[in-house]
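With our numbering applied, the sequence shown covers 3 to 370.
Ideal placement from N, C-alpha and C gives every residue a C-beta, glycine not left out.
The structure presented is a predicted model; accordingly, all values stated were derived computationally and were not measured.
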Amino acid sequence: MASHMLTLGARGACLLALTALPLACSSEDAPGGNQGGSISGGSATVAGTGTGAVNSGGASTSGGSSSAGINGGGASAGGAGSSTSGSTQGGASGGGTASGGAAGGGAGNPGAGGAGGGGGMTSPTASAGCEMPAGQELNMWVEQPKLNVAGTDRQWWVWLPTNYDKGKPYPLVFNFHGCTNSSNIVPMQKVTGDQAILVRATGISDNVCWDAGAGGNDVKLFDQMLADVLAKRCVDTSRVFATGYSSGSWLVNTLECERGDKLRATGTVSGGSYGDKSKCKGKYARMFIHDANDETNKIDAGNDDERDRLVLANHCMADRVMEAPAPCARYQGCDPGYPVIWCETQGKGHDRQDSFAPSAFWGLFSSL
3 MASHMLTLGA RGACLLALTA LPLACSSEDA PGGNQGGSIS GGSATVAGTG
53 TGAVNSGGAS TSGGSSSAGI NGGGASAGGA GSSTSGSTQG GASGGGTASG
103 GAAGGGAGNP GAGGAGGGGG MTSPTASAGC EMPAGQELNM WVEQPKLNVA
153 GTDRQWWVWL PTNYDKGKPY PLVFNFHGCT NSSNIVPMQK VTGDQAILVR
203 ATGISDNVCW DAGAGGNDVK LFDQMLADVL AKRCVDTSRV FATGYSSGSW
253 LVNTLECERG DKLRATGTVS GGSYGDKSKC KGKYARMFIH DANDETNKID
303 AGNDDERDRL VLANHCMADR VMEAPAPCAR YQGCDPGYPV IWCETQGKGH
353 DRQDSFAPSA FWGLFSSL
């Protein structure tokens, strides 16, 4: 395995003021394309502070059509991986035989294998909504009653899995879209099967982007959606996750800081981050996917800052080791159950990477 070194130094000035609104998307975010190539040969850190979100004003680069038939384990399978304590999560977070199981260990026994490795699963914590009936169609996006946030009615949807069991606490995954439309999300529904509840919503900032500033209205929207789902659905409150693409990634980075105590792990494609991180809450596992050739949200527009902050917060070492799913590299020595994983693709541009991102993210989430 290759090993890379990352130098963590003091960062420069804040990327943007906390109250600023992001322009974290072009006039049209690209749909997903093919899986990225190999990781860049050098360190992923780019010197200097980021420039903040970029609004290109033109159409984003499309990396190709979205993969319609992704399975949960395809992108990251690398060996079966036997568990020595409890059951493994298998599939998406494989990567070879590991101590404690390829998916990160059996229950309560931290594992070492796969990009999602680094901690066994804990016992679920049931939400107040357990034992309440589903109240909607299953295995499809169903629009919910609008939520009023700061005087504006907001659209949002919930996806309940096939064979939803009102007595079983499910992981909950929020999905925040890129600019232009609310369906421009990392399609997690293609890989979660009957194992998770999903949520998405619509941003209402310029060009249907997100208000990703600290304390912004979309942080309040997250609060209301989370409270509603926990009250009406059977959720494992210890396993709340979020994904984002482009503008949605900027919002996820803000939520990590302001609502990090509510999130267990997050995954983003082509994002950025800004603002003062000194008051960030909580600790969480993290996967970054970003293309070195992204000209809409450049790789040094704050994602590297957020990565470096989490490497310190999760007590990781500077060394990182390549592992499945390629081209990901996991930082070594992180606190058990709190890996930091950096996946730098080549040649995809500002792409959602549908053939890669959903299964990679679910590999991490399902291992925790």
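Asked	Found
Hey, could you find the ends of the alpha helix (DSSP H) W161 is sitting in?	That residue, W161, is in no alpha helix (DSSP H); its beta strand (DSSP E) goes W158 to W161.
A362 to V231, Cα distance in whole Å?	25 Å
Just to check my reading of the structure: K281 and N316 have Cβ atoms closer than 8 Å, yes? What is that Cβ distance to the nearest angstrom?	Rounded, the Cβ-Cβ distance is 17 Å, inconsistent with contact.
Would you call P173 buried or exposed, if buried means 16 or more other Cβ atoms sit within 10 Å of its Cβ?	buried
Let me know the secondary structure DSSP gives M190 once reduced to three states.	helix
What's the C-alpha gap between Y166 and A320?	42 Å
For R332, which residues of its own chain have a beta-carbon under 7 Å away from its beta-carbon, when the five flanking residues on both sides are left out?	A117, R322, V323, E325, P341 and I343
Entirely within the region 297-336 and at least 3 residues each: give me those beta strand (DSSP E) ranges in chain order.	322-324 and 330-333
Classify D278: buried if its beta carbon has 16 or more other beta carbons within 10 angstroms, exposed otherwise.	exposed
Please confirm whether A216 and F243 have their CB atoms less than 7 Å apart.	no
From T164 to A136, what distance separates their C-alpha atoms?	11 Å
Just curious, the alpha helix (DSSP H) that S249 is in, first and last residue?	S249 to E260
Taking buried to mean at least 16 other C-beta atoms within 10 Å of its own C-beta, is M142 buried or exposed?	exposed
Could you tell me which residues DSSP puts in a beta bridge with L142?	Reading off the sequence shown, one finds Met at residue 142, where the question assumed Leu. Paired residue(s): none; M142 is not in a bridge.
Could you tell me which of R156, D310 and S368 sits nearest to D220, measuring between CA atoms?	R156
Taking 7 Å as the limit between beta carbons, can you name the residues of its chain near N183, skipping five residues before and five after?	V210
What is the rounded straight-line gap between the Cα of R241 and the Cα of A128?	10 Å
Could you give the residue range of the beta strand (DSSP E) that holds L149?	L149 to V151
Indicate the three-state DSSP secondary structure (helix, strand or coil) for S240 in the structure shown.	strand
How big is the Cα-Cα spacing for Q138 and V144?	7 Å
Output the boundary residues of the beta strand (DSSP E) element that contains D293.	A287 to D293
Considering just the uninterrupted stretch of the alpha helix (DSSP H) at L228, what are its terminal residues?	N219 to K234
Is V201 closer than 7 Å to V151 when the C-beta atoms are compared?	no
Report all residues from its chain with a CB closer than 6 Å to the CB of K283; omit the five preceding and five following residues, and keep chain order.	G262 and D263
Using beta-carbon positions only, say whether S275 and N299 come within less than 7 Å of one another.	no
When the Cα of L253 is compared with those of K168, N305 and E346, which residue comes out closest?	N305
Which residues in the same chain as D196 place their Cβ atom closer than 6 Å to its Cβ, once the five residues preceding and following it in sequence are excluded?	P163, T164 and N165
Identify whether A70 lies in helix, strand or coil by the three-state DSSP scheme.	With a pLDDT of only 33 at A70, under the threshold of 50, the placement of this residue in the model should not be trusted; the figure read from the coordinates follows. A70 falls in the coil class under three-state DSSP.
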